[in-house]
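**Q** Quick note on the numbering used here: the sequence shown kicks off at 12 and runs consecutively. Before anything else, here's the structure in question.
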Amino acid sequence: EPIDPFLTRIDSWFGYSWPDIVEFAGRHQLFNELTRYAYLSSIPQMALLFILLGFGGKQKELHVFILSITASGLATLGFWALFPAFGTSVLYDISGTVEQATRPLVGSSYGAELLRLGAEGPKFISPKDMEGLVAFPSYHTVMAILAMYSARTIRRVFPILLVINLLVLPGVLIHGGHHLIDVFGGILTACCTIYVAQHVVTEKEIQVDGEFAATDRETRLVHSP
Numbered sequence: 012e013p014i015d016p017f018l019t020r021i022d023s024w025f026g027y028s029w030p031d032i033v034e035f036a037g038r039h040q041l042f043n044e045l046t047r048y049a050y051l052s053s054i055p056q057m058a059l060l061f062i063l064l065g066f067g068g069k070q071k072e073l074h075v076f077i078l079s080i081t082a083s084g085l086a087t088l089g090f091w092a093l094f095p096a097f098g099t100s101v102l103y104d105i106s107g108t109v110e111q112a113t114r115p116l117v118g119s120s121y122g123a124e125l126l127r128l129g130a131e132g133p134k135f136i137s138p139k140d141m142e143g144l145v146a147f148p149s150y151h152t153v154m155a156i157l158a159m160y161s162a163r164t165i166r167r168v169f170p171i172l173l174v175i176n177l178l179v180l181p182g183v184l185i186h187g188g189h190h191l192i193d194v195f196g197g198i199l200t201a202c203c204t205i206y207v208a209q210h211v212v213t214e215k216e217i218q219v220d221g222e223f224a225a226t227d228r229e230t231r232l233v234h235s236p
């Protein structure tokens, strides 16, 4: 059973309403379009960071980045498998006027399709017809946090990605059809997986350095007169 009603109840504690924020975006078109394109840039950013970290010789940062993406993806899917949530678009109908003004990427019709997919599954699998299903935690939020964290060592790129990903966060709400609590869940997921990835990669580095030092000592002993 989807947990969207429960998540909506939590949102109400903070005074958050998806129809209200979609209407707000429709009345502020520059903000609306900036958040739209920032939201759409999330996956290309992952590819860009993979290239920049790899070719920039930032081996540790690259390993942390890859491990964080993998771990956060598995954690997100695992949680969703146990507690499925489809987002605000399955609960609310926004007016045609507001939807036309804002053009959210996830609108009311998208919500109806998500419910159908949740009940029936896809009739066929095609890259052209992929639909985002997972609402909590928000994986776009996870990617935004990972992008900002991983780009911090790339001096020329970091300020640009920082601004873009700060815009992704409201874009998650406006264009992703997410609950507010989904964003907090995404931030927590990203922070936890980054912490674990840093620990694992650091431990592996210590282990490799120790093995290298031991091998070096053995080599010197063998070749000593």
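Note that beta-carbon positions come from the ideal geometry of N, C-alpha and C, so glycine has one too.
Would you say residue 161 and residue 60 are within 8 Å of each other, going by their C-beta atoms?
**A** Here residue 161 refers to the residue found at position 150 when the sequence shown is read from its first residue. Here residue 60 refers to the residue found at position 49 when the sequence shown is read from its first residue. Result yes, Cβ atoms of residue 161 and residue 60 sit closer than 8 Å.
**Q** Is residue 191 near residue 42, with beta carbons less than 8 Å apart?
**A** Start at 1 with the first residue of the sequence shown, and residue 191 comes out as number 180. Start at 1 with the first residue of the sequence shown, and residue 42 comes out as number 31. Result no, Cβ atoms of residue 191 and residue 42 do not sit closer than 8 Å.
**Q** Expressed to the nearest angstrom, what Euclidean distance is found between the alpha-carbon atoms of residue 104 and residue 186?
**A** Locating residue 104 in the sequence shown gives position 93, where the first residue counts as 1. Locating residue 186 in the sequence shown gives position 175, where the first residue counts as 1. If you take the alpha carbons of residue 104 and residue 186, they lie about 14 Å apart.
**Q** CA-CA distance, residue 209 and residue 46?
**A** Reading the sequence shown from its first residue, position 198 is the one you call residue 209. Reading the sequence shown from its first residue, position 35 is the one you call residue 46. Cα to Cα, residue 209 sits roughly 30 Å from residue 46.
**Q** Near residue 30, what residues of its chain come up, given a Cβ to Cβ distance below 6 Å and the 5 sequence neighbours on each side ignored?
**A** Start at 1 with the first residue of the sequence shown, and residue 30 comes out as number 19. These residues qualify, in order along the chain: 103 and 105.
**Q** Determine, using beta carbons only, whether residue 73 and residue 84 come nearer to each other than 8 Å.
**A** Stepping through the sequence shown from its first residue, residue 73 is reached at position 62. Stepping through the sequence shown from its first residue, residue 84 is reached at position 73. Cβ distance not < 8 Å, so residue 73 and residue 84 don't count as in contact.
**Q** Quick one: what does DSSP say residue 60 is sitting in, helix, strand or coil?
**A** Here residue 60 corresponds to residue number 49 of the sequence shown, with the count starting at 1. Note: residue 60 maps to helix in three-state DSSP.
**Q** Could you work out which residue in 207, 197 and 180 is closest to residue 50 when comparing CA atoms only?
**A** Locating residue 50 in the sequence shown gives position 39, counting from the first residue. It is 180.
**Q** Mind checking whether residue 157 and residue 62 have CB atoms under 8 Å apart?
**A** Looking up residue 157 in the sequence shown gives position 146. Looking up residue 62 in the sequence shown gives position 51. Not a contact, by the Cβ cut-off of 8 Å.
**Q** Using the Cα positions of residue 113 and residue 215, report the straight-line distance between them to the nearest angstrom.
**A** Residue numbering aside, residue 113 sits at position 102 when the sequence shown is read from its first letter. Residue numbering aside, residue 215 sits at position 204 when the sequence shown is read from its first letter. Whole-angstrom Cα-Cα distance: 48 Å.
**Q** What are the boundary residues of the alpha helix (DSSP H) that residue 18 is part of?
**A** Here residue 18 corresponds to residue number 7 of the sequence shown, with the count starting at 1. Segment 15-24, the alpha helix (DSSP H) holding residue 18.
**Q** In whole angstroms, what is the alpha-carbon distance linking residue 38 and residue 44?
**A** Within the sequence shown, residue 38 is the residue found at index 27, counting from 1. Within the sequence shown, residue 44 is the residue found at index 33, counting from 1. Their backbone Cα atoms lie some 11 Å apart in a straight line.
**Q** Output the distance between the C-alpha atoms of residue 32 and residue 55, rounded to the nearest integer angstrom.
**A** Here residue 32 refers to the residue found at position 21 of the sequence shown. Here residue 55 refers to the residue found at position 44 of the sequence shown. Answer to the nearest angstrom: the Cα atoms are 26 Å apart.
**Q** Which same chain residues, not among the five before or five after residue 164, have their C-beta less than 7 Å away from its C-beta?
**A** Counting from 1 along the sequence shown, the entry for residue 164 is found at position 153. Answer for residue 164: 69 and 72, listed in chain order.
**Q** Would you mind stating whether residue 153 and residue 197 have Cβ atoms separated by less than 8 Å?
**A** Walking along the sequence shown from the start, residue 153 turns up at place 142. Walking along the sequence shown from the start, residue 197 turns up at place 186. The answer is yes: Cβ separation under 8 Å.
**Q** Among the residues of its own chain, which have a CB less than 6 Å from the CB of residue 14, if the five just before and after it don't count?
**A** For the purposes of this step, residue 14 is identified with residue 3 of the sequence shown, where counting begins at 1. 94 and 96, listed in sequence order.
**Q** Helix, strand or coil for residue 67? Go by DSSP, reduced to three states.
**A** Stepping through the sequence shown from its first residue, residue 67 is reached at position 56. Three-state result, residue 67: coil.
**Q** Assign residue 188 to one of two classes, buried (16 or more other C-beta atoms within 10 Å of its C-beta) or exposed (fewer than that).
**A** One-based indexing of the sequence shown puts residue 188 at position 177. Buried is the call here.
**Q** Quick check: the Cα distance between residue 211 and residue 78, rounded to an integer number of angstroms?
**A** Position 200 of the sequence shown holds residue 211. Position 67 of the sequence shown holds residue 78. Whole-angstrom Cα-Cα distance: 9 Å.
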